[in-house]
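Below is one structure, written out as structure tokens; the observations come after it.
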Amino acid sequence: MVGPEGVVYAVEFSHRSGRDLTNMAKRRPNVVPIVEDARQPQRYRMLIGMVDVIFSDVAQPDQARIVTHNAGFFLKNNGWVMISIKANCVDSTAAPEAVFAMEIDKLRKDGVKPKEQLTLEPYHRDHALVVGVYRASKKKKE
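Going by my numbering, the final residue of the sequence shown carries number 1463, and the count climbs one at a time with no gaps.
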């Protein structure tokens, strides 16, 4: 939950959904809408300071890379990553459990230490939520 002093930076790539996000943010002053490609955090780095949590819900094959790339720019060391993994968006031919394991391995390699994994059944089939702690690596940002 975001408290009364908290700020949500919401990144949306689609212009139509971005317009909806912008209109919603007019009613919620703690939401900062950013209509941009989450694969390119350098394009909006000047808008966002360091944050405590990144929540990622993108339906893309490279969703693990997207969240860890943004973590490298914006997430405080020992900050939290929450990612909704959509197995069919990553690999529609593999079993969901295999996709979840593969994505968690990618997160680990990029500095996320998974703490919890929950499937979203019965609400969403072949989806999992992974929560972990991020430790920045010593390598330079792209």
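Note that CB positions come from ideal geometry on N, CA and C, so glycine has one too. These numbers come from a predicted model, not from an experiment.
- Residue pairing of His1448 in beta bridges, as defined by DSSP: Lys1407.
- When Asp1358, Ile1369, Phe1395, Lys1397 are compared, the shortest CA-CA separation from Val1379 is found for Asp1358.
- Comparing alpha-carbon positions, the option among Arg1446, Asp1412, Ile1425 lying closest to Ile1404 turns out to be Ile1425.
- By a beta-carbon distance limit of 8 Å, Gln1438 contacts Val1451. Their separation comes to about 5 Å.
- Taking the Cα positions, Tyr1330 is about 24 Å away from His1448.
- For Ala1331, the enclosing beta strand (DSSP E) stretches over residues 1329 to 1333.
- Residue state for Gly1400 is assigned as strand, using DSSP reduced to three classes.
- With fewer than 16 other Cβ atoms inside 10 Å of its own Cβ, Glu1418 counts as exposed.
- Straight-line measurement puts the Cα of Val1402 at about 20 Å from the Cα of Pro1354.
- Glu1442 counts as exposed, since fewer than 16 other beta carbons sit within 10 angstroms of its beta carbon.
- Look at the beta carbons and you see the stretch 1429 to 1437 touching the stretch 1386 to 1399: at least three pairs across the two are nearer than 8 Å.
- Judged by DSSP in its simplified three-state form, Glu1418 adopts helix.
- For Val1379, no beta strand (DSSP E) segment is defined, and its DSSP state is neither H nor E.
- Here Phe1334 has Asp1358 as same chain residues with Cβ atoms under 6 Å from its own Cβ, once five neighbours each way along the sequence are excluded.
- Just measuring C-alpha positions, the residue of Lys1347, Ala1346, Pro1362 sitting nearest Ile1375 is Pro1362.
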